[in-house]
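J.: According to our numbering, the stretch in the sequence shown is residues 31 to 200, in order. To start, I am sharing the structure in question, which I have written as structure tokens.
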Amino acid sequence: MRQWIVSAAVGAAFLGCGSGAASPAQGVASGIYGGDLRSDHAFEAIDSATEGLPNSTRITARMRLRKSVAVSRIRISTAGDRIGIAYDAKAPITLWIGEEPVTWKLTDVLVFQVSARRDGDALSIRFRGEDSGRTTTYRTVGRDLEEETTMIVPHLSTPIVFRRVFHRET
């Protein structure tokens, strides 16, 4: 009997380690994800949205918006309500779902208040800056991480919306 209990405990621990698939409580699987070719072109969406701005404003706006979304790799770590996200080699963000926003500094001039919330099986990350806001929703689909982003910029008449897909590397 004792041997059966130990075997069951080891088996349960092994199953709990899993292959990285998302559990219902987490929604988004931890891992490292790289971009792939099935994505909308975020830079093209930004260029299109800023087309009507005066030259002096458009150049600066495009540069700042592009810098805030230029990502080829995402590392996500989940542990209960704690989420860690790192975009490329940028400073990582540690968040608690449903808690107060944290300050995250992308560059000296791009500083955001960042918060997280669960949305069913998805994870929504909200970035609020001095002159823009962005909500990015992540969803694990098989080995892929789907990202849907909506950016709100006060001097633009419509939101910038794009979708990217990142493939799990590890």
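Note that the Cβ used here is the ideal one computed from N, Cα and C, for glycine as well. For clarity, every value in this text was computed on a predicted model and none was experimentally measured.
How big is the Cα-Cα spacing for A116 and G150?
T.: 22 Å
J.: If the criterion is Cβ atoms closer than 7 Å, does the pair V215 and D66 meet it?
T.: Nothing can be reported for residue 215: it is not among the residues displayed for the chain, which extend from 31 to 200.
J.: Rounded to whole angstroms, how far is the Cβ of L140 from the Cβ of R103, which I believe are closer than 8 Å?
T.: Incorrect: roughly 19 Å between the Cβ atoms, too far for contact.
J.: Could you check what DSSP says for R88 in three-state terms: helix, strand or coil?
T.: Helix at R88.
J.: Is T200 closer than 7 Å to T180 when the C-beta atoms are compared?
T.: no
J.: Classify I127 as helix, strand or coil using the three-state DSSP reduction.
T.: coil
J.: In chain order, what residues of the same chain have a beta carbon less than 6 Å from the beta carbon of T167, not counting five sequence neighbours either side?
T.: A152, S154, E178
J.: Helix, strand or coil for E199 per DSSP?
T.: E199: coil per DSSP, three-state reduction.
J.: Give me, in chain order, the residues of the same chain whose beta-carbon lies closer than 7 Å to that of F157; leave out the 5 immediate sequence neighbours on both sides.
T.: So the list reads F142, V144, G163, R164, once near-sequence residues are dropped.
J.: Span of the beta strand (DSSP E) holding D77?
T.: Looking at the DSSP string, D77 is not in any beta strand (DSSP E); the run it does join, the alpha helix (DSSP H), is 72–79.
J.: Taking the alpha-carbon positions, what's the W126 to T80 distance?
T.: 33 Å
J.: Span of the beta strand (DSSP E) holding T166?
T.: 163–171
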